[in-house]
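Enquirer: Take the sequence shown: its position 160, counted from the start at 1, is 196 in this note's numbering, and no numbers get skipped.
The beta carbon of each residue, even a glycine, is placed where N, CA and C say it ideally should be.
Everything numeric in this text was worked out from a predicted model, so none of it was measured.
Attaching a single structure in structure tokens format; questions to follow.
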Amino acid sequence: MRIVLNPKYKSLESFVKNLPENFENTGESIYKGRNEIKVFHCNGIKLNVKSFKIPHLINKIAYAWIRGSKAKHSFEYAMKMIRLGADTPEPVACVETLKNGLFNRSYYVSIHHEYDFTIRDLIGFEFPDKDNILKYFAEYTYQKLHKNSIHHLDYSRGNILISKKEDGYGFSVVDINRMKFEKMPYLKGLKNFSQIWASEEELEVVAREYAKLNDKDEEEAVRLLIQFDKEHKAKINKKLALKAKLRNSKKSNGQ
């Protein structure tokens, strides 16, 4: 077992060390898909623990001896994001387990972040103050992420948490194991918004605000973001169609 612990949370060391043994039978599950997220309470602290699925053979070797696991990346990226002034749930630890010399499971532990809704809750729906929220979202993305050379590679609806504040809205990003810390020129930054799978009207609000922040032409920004969005949706739909075709082929062959 390999553990990296945030020194600030030394008091949680015992909890972290026992995670591989206790995760399955304790905690409250709040999400279960390919990975699982559970909430735990320890020493008066509310924690989120994300258990990543056991990887395929190539990654069992890679994660064990060549490159870090998704849990390790999540921890390291969160620490760096916070140092840069961006918002993500505070990292506590990552745990990696090996079995017979190969990578097995990994866990990422963070402080539970309270929020009011996500971008998913307003995109495509009637939502109070939606245009204003989208403007704040564009500003947050530019000021906190892109200006700090933070490129979230999975900047999708459910990964953007929003909290109501007296002076507007606060944002925090999750699912951060796929990140790049690189310069974000204007077009790359604008293209980042294509992942939220929004309507043209919603994209227009975001594009205009992002253009203002970058002192760029608003009409051109709207045209470009809508184009980026169409390209992204076409790419995803093509992948989904291919997966469906492969599934149907296996069924027809009796597999």
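According to DSSP, is P43 helix, strand or coil?
Expert: Residue mapping note: residue 43 aligns to position 7 of the sequence shown, counting from 1. Helix, per DSSP.
Enquirer: Residues bridged to H187 by DSSP?
Expert: Within the sequence shown, residue 187 is the residue found at index 151, counting from 1. Note: H187 sits in a beta bridge opposite K216.
Enquirer: Counting pairs of beta carbons, one from the region 197-206 and one from the region 218-231, are three or more of them closer than 8 Å?
Expert: Judged by Cβ distances under 8 Å, the region 197-206 makes no contact with the region 218-231, as fewer than three pairs qualify.
Enquirer: Let me check one thing: in DSSP terms, what residues is R38 bridge-paired to?
Expert: If you number the sequence shown from 1, residue 38 lands on position 2. The partner list for R38 (beta bridge, DSSP) reads E132.
Enquirer: Hey, E238 and L189 are a contact pair by Cβ (cut 8 Å); roughly how many whole angstroms apart?
Expert: Along the sequence shown, one-based indexing puts residue 238 at 202. Along the sequence shown, one-based indexing puts residue 189 at 153. About 21 Å; that fails the 8 Å criterion.
Enquirer: Assuming N95 contacts F139 (C-beta within less than 8 Å), just tell me the rounded distance between them.
Expert: In the sequence shown, the residue the question calls residue 95 occupies position 59. In the sequence shown, the residue the question calls residue 139 occupies position 103. Confirmed, Cβ separation roughly 7 Å.
Enquirer: Count the CB pairs spanning the region 48-63 and the region 77-93 that are closer than 8 Å, and state whether there are at least three.
Expert: Output reads yes: the region 77-93 touches the region 48-63.
Enquirer: In the DSSP assignment, find the alpha helix (DSSP H) that holds N58 and state where it starts and stops.
Expert: Taking the first residue of the sequence shown as position 1, residue 58 is located at position 22. Element bounds for N58: L55 to N58.
Enquirer: Do V209 and D265 have their beta-carbon atoms positioned less than 8 Å apart in this structure?
Expert: By one-based count along the sequence shown, residue 265 stands at place 229. By one-based count along the sequence shown, residue 209 stands at place 173. It is not a contact, given that the beta carbons lie outside the stated cut-off.
Enquirer: Give me the Cα-Cα distance between V242 and H148, rounded to the nearest whole angstrom.
Expert: As a position in the sequence shown, residue 242 is number 206, starting the count at 1. As a position in the sequence shown, residue 148 is number 112, starting the count at 1. Going from the Cα of V242 to the Cα of H148 covers about 28 Å.
Enquirer: Does the Cβ-Cβ distance between E126 and K108 come in under 8 Å?
Expert: What you label residue 126 is simply residue 90 of the sequence shown in a count that begins at 1. What you label residue 108 is simply residue 72 of the sequence shown in a count that begins at 1. In this structure, K108 does not lie closer than 8 Å to E126 by Cβ.
Enquirer: Would you be able to state if there are at least three C-beta pairs under 8 Å between the region 255-274 and the region 223-238?
Expert: Touching, yes, given that three or more Cβ pairs across the two stretches are closer than 8 Å.
Enquirer: Within 10 angstroms of the Cβ of N168, are there 16 or more other Cβ atoms? Answer buried if so, exposed if not.
Expert: The sequence position of residue 168 within the sequence shown is 132, counting from 1. Under this definition N168 is an exposed residue.
Enquirer: Where are the alpha helix (DSSP H) runs, 4 residues long or more, that stay fully inside the region 58-129, in chain order?
Expert: Qualifying alpha helix (DSSP H) stretches, in chain order: 93-101 and 106-120.
Enquirer: In the DSSP assignment, find the unbroken beta strand (DSSP E) run with G204 in it and report its ends.
Expert: As a working note, residue 204 is residue 168 in the sequence shown. G204 to V209 is the span of the beta strand (DSSP E), which, as asked, contains G204.
Enquirer: Can you give me the C-alpha to C-alpha distance between S142 and L261, rounded to a whole angstrom?
Expert: Walking along the sequence shown from the start, residue 142 turns up at place 106. Walking along the sequence shown from the start, residue 261 turns up at place 225. Computed Cα separation, rounded: 36 Å.
Enquirer: Hey, how far is the Cα of I232 from the Cα of E175?
Expert: Looking up residue 232 in the sequence shown gives position 196. Looking up residue 175 in the sequence shown gives position 139. So the two alpha carbons sit approximately 15 Å from each other.
Enquirer: For I97, which residues from the same chain have a beta carbon less than 8 Å from its beta carbon, with the 5 sequence-adjacent residues on both sides left out?
Expert: As a working note, residue 97 is residue 61 in the sequence shown. So the qualifying residues of the chain are L138 and F139.
Enquirer: Check for me: the beta strand (DSSP E) holding I147 runs from which residue to which?
Expert: For the purposes of this step, residue 147 is taken as residue 111 along the sequence shown, with counting starting at 1. I147 -> beta strand (DSSP E) spans L138 to I147.
Enquirer: Using beta-carbon positions only, say whether I198 and F163 come within less than 8 Å of one another.
Expert: Position 162 of the sequence shown, counting from 1, holds the residue named residue 198. Position 127 of the sequence shown, counting from 1, holds the residue named residue 163. Cβ distance not < 8 Å, so I198 and F163 don't count as in contact.
Enquirer: Which class does K180 belong to by DSSP, given the choice of helix, strand or coil?
Expert: Counted from its first residue, the sequence shown places residue 180 at position 144. K180 falls in the helix class under three-state DSSP.
Enquirer: So the candidates are K86, N54 and P43; which of them puts its Cα closest to the Cα of E64?
Expert: For the purposes of this step, residue 64 is taken as the residue at position 28 of the sequence shown. Considering only alpha carbons, the answer is K86.
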